[in-house]
Every structure is written in C-alpha cells, then in structure tokens.
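Q:
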Ligand SMILES: *Cc1c(COP(=O)(O)O)cnc(C)c1O
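This is how it looks when you write it as structure tokens:
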C-alpha cells in the first residue's frame, strides 16, 4: 500500500480524535525515524517525550524480548519480580516510599487523586474534599484527570466534571492561598507545565505550595509525567527545587515506549490506600515493569543526567540565537531537554514545514513550538535541528 492508502484506511478505521500529520511512520533508529517511503526524520518529539533512550537500544530491546519469553502478565493477585525491582528503582530515584504502577499517565493521576482523597477521609471522615489545580495545566483525558486540567476547551463537551476542583494561577502563590479551606485535600502542579506552553514553576511557587501543604495537612502532588525521568536534567523536576512532594505521577519516558505509568508516594500518605481501595488488571505487569527496570539501569549506565545537562546547555544557546535572529521567535522557555519557542506566526505552519524537511517537532498550546527530543541527542543533532528549523521560521 502507498502511504496515502494507509492514511485513508487510518481515517476509515481509527476514531478521528487527532488531526494527524500526513506521514506514516515505520521504523526507528537512534534519534531518527523513517516513514513507509523510507524518508528519514530527525526526531525532536520522541513520541511526546516518551522515547528517551532513542530507538533500537539493544539492551532495552533484549530485556523486553527476554521478558516476553518468560512471562508477560500475572495480574496483581500475585507478586512478580520485575514489578518489585522496578518499584524499588522508582522509589529510590524519587526519594519517596512506595509506588503503584498504572498503564498510562492519566491513570497515575487518577490514583494520586484517590490517594489524596483517602488520606483526607481518614482524617475527618468527610467525602466532600476539594483539590486545587492550576490554570493551563494538563493532567490527562480520563474524567478525574480531565477535571484537573485547567483548560475549558478540553472539559466543556464532557461535563459535568467531578466536583470540588478549583483552579489557581500557575506561579501565583496568592491565588492558591485564596482557595484554601478546611476541605482542601490536595494541590496538584506540574513543575514544568508541558501542554500548557512549557512554563517552569518558580522556586517561590514550589516552596510556597510545600509550605501551604505542611501548614494545612494538604497533600502536594507533582505531575512529573512529562517533565520527569531526566528530561530537565534531574531525575524528577521537583528535585530542582527545595521541596519534596507527597505524591508524584510519572509515565511517558518511564517505560521508554512500553505503556506504563506510576504514582509514587512518600511517608505521609503511602499507606492510606488499603486493599480494596484501588486496583488494575494490567498495571505493573512483568513486561511493562521489566522495561521500567531496564530504563533506570540504562539511565545510570549511560550517565543520562550528566548528558542531558551538557547537551541542553548547548541546545539553549542555539535556540537563544534563533530568538535573536528571527523576528517571529519571541522568546525561549524551558528546562533541560524540555524547551519551547514562542512564535508570533502560526506554530502549526512551522511544524508542517519542518516535517517536510525531515524534522519532527511539536506544538504546545497555540503559540509554542515544543522540543522534547530523546535524551540521547548529541550536539551534532542539535546543529542539524537548528539548520532545518532555521529554514522553517
Ligand atoms: C501526557 C501527560 C499526561 C497524560 O498521560 P497519558 O499517558 O496520555 O494518559 C498527564 N500529565 C502530563 C503533565 C502529561 O504531559
């Protein structure tokens, strides 16, 4: 079949919830993807911040193949070795205490939300707790996660939302304080807002939220689904700040391509969910958690954090040059290998031009060109990206 025929069939059989770019991807190698016509793309999107190790990492692939031959699924009625090993690694990497594995980011959010509510319920036996989320946040598409997503465009057709969610302004501590009352059980924040436009939280904001939570016995949840797993140069983005959340959610690069997420909780609330409170059939299955486990091993072996810090300094320098050079590039925002360029011209036009020229970048919001490349990109890859992008601005 031609790529056109594949795309026509795709539109015939897949529910049209995405306006997909007009390419059919076929295989990957390192930081490059190839479409069914063999055209090569430099990948600065990584499947939306997922494929941190690049494509075709032999050790990763071998670990998965071995696990497929051994055991793929057990359910959570029994223990399995990869899940235990992976849980230990994500707990140690985050400095928290216990993990629950899910199949997606949104499910990790759902679990975190339930855990925070359960913690508050144990305290006052009320069932009407409130959660504070941020405007322009993104936490996922399931009903709980959607209710926390501060974007009315995503919510409106699907009301009523679950009740008790209030929205504050990101990086505005007073707007958070104004919403606190005795019903507040959790505050959820992305340390770097992703879909909302690549906005890093300020130090004052993160520390201020921690203090509000401490003073009022409120659970602080950091959504690390996009900004976690080394992307900002620390394993988790909250680690740039002098705070420790009570719960984090992680997914995207956690399994580097295998669908898996987790919520990870600290001392304060990690035992508030008890048998019967929460569950999942697939979550934490041996195949997915073997991937997680191998990802943590490879991050360490490959010194990923050091690499991210080095290459992202270079990326920032080069992107800042674009800001100086091009009138339609207003500013750069971001942390590590999570970078956004604010454009005055339609981002989608630039993204499409880049795809034509063999570069995959994505958007965040309506005016931000987003780059979330594999964490293994080199300075040469950055140069190559800049050369192509320059032709598209
Ligand atoms: C992608 C994302 C989610 C949702 O993850 P899914 O795996 O798509 O359900 C939640 N929060 C943030 C910050 C994300 O970037």
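In my numbering, the protein residues as written are 101 to 493.
Even for Gly, the Cβ is constructed at its ideal location relative to N, Cα and C.
Computed from a predicted model, the values in this text were never measured in an experiment.
Around the C-beta of residue 204, are 16 or more other C-beta atoms found within 10 angstroms, so that it is buried, or is it exposed?
A: buried
Q: Considering only DSSP beta bridges, list what residue 201 is partnered with.
A: 362
Q: If you compare alpha carbons, which of 165, 466, 200, 454 is closest to residue 142?
A: 454
Q: If you draw a straight line from the alpha carbon of residue 397 to that of residue 315, how long is it in whole angstroms?
A: 38 Å
Q: If residue 193 sits next to residue 389, beta carbons under 8 Å apart, how far is it from one beta carbon to the other, in whole angstroms?
A: Their Cβ separation, rounded to whole angstroms, is 14 Å, which puts residue 193 and residue 389 out of contact at 8 Å.
Q: Using CA atoms only, rank isn't needed, just tell me which of 490, 212, 180 is closest to residue 420.
A: Minimum Cα-Cα distance from residue 420 among the listed residues 490, 212, 180 corresponds to 490.
Q: Measuring only from the beta carbon, is residue 327 closer than 8 Å to any heavy atom that is part of ligand 1?
A: yes
Q: Please name the residue or residues paired with residue 238 in a DSSP beta bridge.
A: In the DSSP secondary-structure assignment, residue 238 is not bridged to any residue.
Q: Can you tell me the Cα-Cα spacing of residue 172 and residue 178, whole angstroms?
A: 13 Å
Q: From 460, 476, 477, 479, pick the residue whose C-alpha is nearest to that of residue 470; which is it?
A: 460
Q: Please confirm whether any heavy atom of ligand 1 lies closer than 8 Å to the CB of residue 100.
A: Nothing can be reported for residue 100, as the shown portion of the chain is limited to 101 through 493.
Q: Given a threshold of 16 other Cβ atoms within 10 Å of its Cβ, counted over all protein chains shown, does residue 162 qualify as buried or as exposed?
A: Residue 162 comes out exposed.
Q: Counting beta carbon pairs with one atom in the region 398-414 and one in the region 205-222, are three or more of them shorter than 8 Å?
A: With contact defined as three or more Cβ pairs closer than 8 Å, the region 205-222 and the region 398-414 are not in contact.
Q: Any chance you could list the alpha helix (DSSP H) runs of at least 4 consecutive residues sitting entirely within the region 349-435, in chain order?
A: 386-401, 404-425
Q: For the pair the region 371-390 and the region 434-442, tell me if three or more CB-CB distances fall below 8 Å.
A: Three or more beta-carbon pairs separated by less than 8 Å are not found between the region 371-390 and the region 434-442, which leaves the two stretches without contact.
Q: Hey, residue 199 and residue 365: beta-carbon distance below 9 Å or not?
A: yes
Q: Return yes when the Cβ of residue 274 is within less than 9 Å of the Cβ of residue 313, no when it is not.
A: no
Q: For residue 179, name the three-state secondary structure that DSSP assigns.
A: Residue state, collapsed to three classes: coil.
Q: Assign residue 288 to one of three DSSP states: helix, strand, or coil.
A: strand
Q: Residue 297: beta carbon under 8 Å from a heavy atom of ligand 1?
A: no
Q: Roughly how many whole angstroms lie between the Cα atoms of residue 279 and residue 332?
A: 30 Å
Q: Residue 341 by DSSP, collapsed to three states: which one?
A: coil
Q: What is the DSSP secondary structure of residue 336, reduced to helix, strand or coil?
A: Shown here, residue 336 sits in coil according to DSSP, grouped into three states, outside any helix or strand.
Q: Measuring CB to CB, does residue 383 end up less than 9 Å from residue 202?
A: yes
Q: Kindly indicate the opening and closing residues of the beta strand (DSSP E) around residue 225.
A: Element bounds for residue 225: n/a, residue is neither H nor E.
Q: Which ranges would you report for the beta strand (DSSP E) in the region 448-489 if only whole runs of at least 3 residues count?
A: 462-464, 468-471
Q: Using 8 Å as the cut-off, classify the Cβ of residue 470 as near or not near the heavy atoms of ligand 1, replying yes or no.
A: No, Cβ of residue 470 sits at least 8 Å from all heavy atoms of ligand 1.
Q: Please list, in chain order, all residues of the same chain as residue 266 whose beta carbon is under 7 Å from its beta carbon, the five residues on each side excluded.
A: 230, 232, 279
Q: Using only alpha-carbon positions, find the residue among 131, 176, 321, 227 that is nearest to residue 248.
A: 321
Q: Would a C-beta distance cut-off of 9 Å place residue 167 and residue 391 closer than the cut-off?
A: yes
Q: With distances taken from CA atoms, which of 214, 159, 118 is nearest residue 379?
A: 214
Q: Find out if the Cβ-Cβ distance for the pair residue 323, residue 239 is shorter than 9 Å.
A: Judged by beta-carbon spacing, residue 239 lies within the 9 Å limit of residue 323, meaning their Cβ atoms are closer than that value.
Q: Given that a residue counts as buried once 16 or more other Cβ atoms are within 10 Å of its Cβ, and exposed if not, what is residue 101?
A: exposed
Q: Alpha carbons only, please: which of 468, 409, 270 is nearest the one belonging to residue 431?
A: 468
Q: Which residues in the same chain as residue 303 place their Cβ atom closer than 7 Å to its Cβ, once the five residues preceding and following it in sequence are excluded?
A: 341
Q: Assuming residue 353 contacts residue 482 under a Cβ cut-off of 8 Å, what Cβ separation, rounded to an integer in Å, is found between them?
A: No, residue 353 and residue 482 are not in contact; Cβ-Cβ is about 19 Å, not under 8 Å.
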